[in-house]
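Trainee: Protein chains in written order, with the working numbering: chain A, 11 to 254; chain B, 11 to 254.
2 protein chains.
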Amino acid sequence: MMQTECRRCPLRKFPIFVKMTDREVDFMQSFKVGELKVDAGTTLMMEGSNSPQLYTPLRGMGLRYKTFESGERQVLNFVLPGDFIGLQAGVMHEMQHSVEATTHMTLCVFDRKALWTMFRDYPERAFDLTWLAAVEEHFLGESLAAVGHMDGLGRVARAFVRLHDRALAIDLVTKDGMHLPYKQQDLADALGLSLVHTNKTLKKLREREIAIWRDGQLKILSYPKLCAMAELSEAREPVLRPLI
Amino acid sequence: MMQTECRRCPLRKFPIFVKMTDREVDFMQSFKVGELKVDAGTTLMMEGSNSPQLYTPLRGMGLRYKTFESGERQVLNFVLPGDFIGLQAGVMHEMQHSVEATTHMTLCVFDRKALWTMFRDYPERAFDLTWLAAVEEHFLGESLAAVGHMDGLGRVARAFVRLHDRALAIDLVTKDGMHLPYKQQDLADALGLSLVHTNKTLKKLREREIAIWRDGQLKILSYPKLCAMAELSEAREPVLRPLI
DNA sequence: CGGGCTCTTGACACAAGTCAAATCGCGTGG
DNA sequence: CCACGCGATTTGACTTGTGTCAAGAGCCCG
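#1: Look at the alpha carbon of residue 181 of chain A and the alpha carbon of residue 249 of chain A, and state the distance between them as a whole number of angstroms.
#2: Looking at the unbroken alpha helix (DSSP H) that takes in residue 261 of chain A, where does it start and where does it end?
#3: Any idea what DSSP makes of residue 115 of chain A, helix, strand or coil?
#4: Any contact between the stretch 59 to 70 of chain A and the stretch 112 to 128 of chain A? By contact I mean 3 or more CB pairs, one from each, below 8 Å.
#5: Give the list of continuous beta strand (DSSP E) stretches no shorter than 3 residues that lie fully inside the stretch 31 to 100 of chain A.
#6: Please list, in chain order, the residues of the stretch 87 to 106 of chain A that have any C-beta partner in chain B closer than 7 Å.
#7: Pick out whichever of B/28, B/35 and B/26 has its Cα sitting closest to the Cα of residue 19 of chain B.
#8: Quick test of the definition: if touching needs 3 or more C-beta pairs under 8 Å, does the stretch 133 to 148 of chain B touch the stretch 93 to 109 of chain A?
#9: Cα separation between residue 25 of chain A and residue 136 of chain A?
#10: Would you decide whether residue 93 of chain B is buried or exposed? Buried here means 16 or more other CB atoms lie within 10 Å of its CB.
#11: Is residue 201 of chain A closer than 8 Å to residue 221 of chain A when the C-beta atoms are compared?
#12: Scan the stretch 121 to 138 of chain A for residues whose Cβ lies nearer than 7 Å to a Cβ of chain B and list them as they occur along the chain.
#13: Under a Cβ-count criterion, where at least 16 other Cβ atoms within 10 Å of its own Cβ denotes burial, should residue 207 of chain B be classed as buried or exposed?
#14: Between the Cα of residue 184 of chain A and those of A/76, A/193, A/43 and A/174, spot the shortest distance and give me the residue it belongs to.
#15: Residues of the stretch 148 to 171 of chain B in Cβ contact with chain A at a cutoff of 7 Å, in chain order, please.
#16: Taking all protein chains shown into account, do 16 or more other C-beta atoms lie within 10 angstroms of the C-beta of residue 217 of chain B, making it buried, or fewer, making it exposed?
#17: Within 8 Å of any Cβ in chain A, is that where the Cβ of residue 76 of chain B sits?
#18: Closest Cβ-Cβ distance between residue 195 of chain B and chain A: below 8 Å?
#19: For the candidate residues A/110, A/106 and A/96, whose alpha-carbon lies nearest to that of residue 122 of chain A?
#20: Can you tell me which of the three DSSP states residue 21 of chain A falls into?
#21: Residue 153 of chain A by DSSP, collapsed to three states: which one?
#22: Going along the stretch 39 to 71 of chain B in order, which residues come within less than 9 Å of chain A, judged by CB to CB distance?
#23: Are the beta-carbon atoms of residue 176 of chain B and residue 231 of chain B separated by less than 8 Å?
#24: Can you list, in chain order, the residues of its chain with a C-beta nearer than 6 Å to that of residue 83 of chain B? Leave out the 5 residues immediately preceding and following it.
#25: Consider the Cβ of residue 202 of chain A: report whether some Cβ of chain B lies at a distance smaller than 8 Å.
#26: Cα separation between residue 21 of chain A and residue 146 of chain A?
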């Protein structure tokens with residue numbers, strides 16, 4: 011099957027992604043070594059390993075997480091189309107977290123060795139890479155703040171708002187809501203809550219008719235109320251990010 | 011007073027910092043526009059602002075934090091000599107957190123506009139900048155994991171181990187322990203604990219003769235026990251990081 | 001039909017938050 | 001020189017959010 015050309019990349023058109031010049035698009039095309047389709051459950055990157063490849067998901071969702079000696083996990087964030095996977099492996103010696111596909115995923119594959127070419131010959135793109143790292147840092151900081159200071163309801167609300175915003179930005183929200191293929195355990199691990207407590211919190215949101223998450227589908231009934239619970243302003247300017 | 015030349019930078023010699031070529035050191039010298047001394051309490055960067063300057067602390071300590079509408083703070087991490095301040099402002103439109111000096115600090119000052127020169131003419135240094143961002147991301151991920159999964163004692167232990175390691179790496183640990191000029195409230199805000207609970211946890215560490223933090227001085231009595239509580243192996247290879 | 005996930009719910013325990021007050025330094029001004 | 005106020009640290013008593021345990025329900029799949 012024909013793989014998608016960067017020129018026709020389905021993601022580039024969305025306004026959350028920083029505009030690229032034609033020359034940059036052409037370079038990205040040469041940087042791209044292929045396309046990968048994986049099934050749900052596939053581990054894309056392993057904590058401690060050093061992948062020779064870097065990815066940008068085109069379709070599907072996944073998650074990044076760290077594992078503890080005890081067997082518990084901390085989910086760092088949810089991976090959506092347009093994210094970049096493997097930057098740590100590219101610049102540090104090894105990945106500090108794992109990445110797993112939650113659904114079937116289609117990913118652009120880049121060669122890690124080409125990263126250096128980027129820095130040498132395409133400073134604009136290298137700059138974008140740093141920018142991207144800064145964006146990741148920003149969102150991690152947000153999560154840390156949420157887990158550090160908000161109660162269960164607030165954390166869940168915030169996660170829903172963030173996911174919804176991101177999905178909306180890449181046109182993944184329909185009148186029925188958005189596809190959210192994770193398990194309650196995944197959300198619990200992301201928010202530092204127990205599974206049971208997460209479940210009870212979701213029930214509250216359902217009962218108060220604020221948001222319903224069922225059968226992998228998230229439907230927000232009252233965005234204003236959800237934002238209020240998440241301590242987020244309804245009118246936020248979206249975080250712009252580069253697309254690699 | 012004569013300012014320190016990069017060539018004689020007191021930090022470069024420490025092994026946690028990535029080695030630089032002479033050419034790179036010379037470039038950093040040209041990148042450096044001055045040296046700044048600030049008093050304790052000075053706000054170096056403001057959340058939402060866009061500083062025209064970037065800093066690398068040479069001496070002194072500070073902290074990065076986010077503020078909530080409620081007035082509470084989340085401390086993201088503690089700033090020690092060799093960190094880099096302002097990368098977000100440099101690549102994103104504005105800072106997403108504030109940075110404050112906790113003690114008197116001496117900082118190398120770089121011009122934000124020179125950042126682009128770095129990307130254009132010194133790809134190795136641009137690479138290091140990305141690397142640095144990845145290191146920050148890594149530590150934030152660690153903090154998130156700690157706050158998400160460990161109890162008070164574990165979090166405090168982990169913070170102490172991390173701070174101690176970092177201080178040791180830049181020769182700030184003496185037989186009396188290390189200088190740790192923060193308030194209990196700062197630590198509490200970093201760990202997502204209340205001040206009262208943090209205080210009681212510190213008392214436990216004192217009573218069990220594991221670590222004593224008093225009068226701005228942290229003395230670790232049993233590093234093995236502290237590591238065990240922090241769920242960290244005693245033999246960890248240090249995280250290498252570039253120096254900007 | 002049975003086994004294995006995931007999701008739900010209820011009962012109970014406990015870690016951590018909140019409230020309140022005492023103590024200790026320390027700098028300031030009378 | 002001492003009284004005072006202020007910030008940081010301690011401590012105790014009480015409350016509560018969240019974790020843990022346990023069991024059942026719904027569902028898919030072999």
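Every residue, glycine too, gets a C-beta built ideally from N, C-alpha and C.
Mentor: Working from what's here:
#1: 16 Å
#2: Residue 261 of chain A lies beyond the residue range present for chain A, which begins at 11 and ends at 254; the question has no answer from this structure.
#3: strand
#4: yes
#5: 42 to 48, 53 to 55, 63 to 69, 72 to 77 and 83 to 89
#6: 97, 98, 101, 102 and 106
#7: B/35
#8: yes
#9: 20 Å
#10: buried
#11: no
#12: 129, 130, 133, 136 and 137
#13: exposed
#14: A/174
#15: 148, 150, 151, 153, 154, 155, 157, 158 and 159
#16: exposed
#17: yes
#18: no
#19: A/96
#20: coil
#21: helix
#22: none
#23: no
#24: 75, 77 and 199
#25: yes
#26: 19 Å
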